[in-house]
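Below is one structure, written out as structure tokens, with a few remarks after it.
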Amino acid sequence: RVLTIGECLWDGLPSGCFLGGAPLNVAAHLAARGAKAKFAAAVGDDRLGKDALRRLHLLGVDTSCVQVVPGLETGFVTAELDADGCATY
Numbered sequence: 201r202v203l204t205i206g207e208c209l210w211d212g213l214p215s216g217c218f219l220g221g222a223p224l225n226v227a228a229h230l231a232a233r234g235a236k237a238k239f240a241a242a243v244g245d246d247r248l249g250k251d252a253l254r255r256l257h258l259l260g261v262d263t264s265c266v267q268v269v270p271g272l273e274t275g276f277v278t279a280e281l282d283a284d285g286c287a288t289y
């Protein structure tokens, strides 16, 4: 069993929006490899927060420690890619 704690956010890239945050990514990759992964964070009571929870459930990540906070917006960051594909936030 693994518990990751940290941010849940969306990365806005030229190719679309992607669910991210390093601790979330670790939990998702561990779950994909059969580990029992639990993620602890807070998301807003908004469309992005609801979609994050839905996607985490589909990935097999336990979200029982994710708090949904009314009036809070779920994190979103816009990234720009340089010619080599490296992101700047």
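Residue numbering for the sequence shown follows my numbering, beginning at 201 and increasing consecutively. A virtual CB, placed ideally from N, CA and C, is assigned to each residue, including glycine.
Item checked: Status (buried if at least 16 other CB within 10 Å, exposed otherwise) for residue 236 -> Here residue 236 refers to the residue found at position 36 of the sequence shown. Exposed, since its Cβ has fewer than 16 Cβ neighbours within 10 Å.
Next item on the list: Could you name each continuous alpha helix (DSSP H) segment of 4 residues or more that falls completely within the segment 240-275, going from the start of the chain to the end?
Entry: Complete alpha helix (DSSP H) runs here, min 4: 247-258.
Note to self: Output needed for residue 246: all residues of its chain with C-beta closer than 7 Å, excluding positions within five of it in sequence on either side, in chain order.
What the structure shows: One-based indexing of the sequence shown puts residue 246 at position 46. 273 and 274.
Check: Going by beta carbon distance, what residues of the same chain come within less than 6 Å of residue 227, once the five residues before and after it are set aside?
Finding: Start at 1 with the first residue of the sequence shown, and residue 227 comes out as number 27. 204, 237, 239 and 261, listed in sequence order.
Notebook entry, point to check: Where residue 234 and residue 259 are concerned, what is the direct C-alpha to C-alpha distance, given to the nearest angstrom?
Noted result: By one-based count along the sequence shown, residue 234 stands at place 34. By one-based count along the sequence shown, residue 259 stands at place 59. In a straight line, the C-alpha of residue 234 is about 10 Å away from that of residue 259.
Next item on the list: May I ask which residues mark the beginning and end of the beta strand (DSSP E) holding residue 234?
Entry: Position 34 of the sequence shown holds residue 234. DSSP places residue 234 in no beta strand (DSSP E); its state is neither H nor E.
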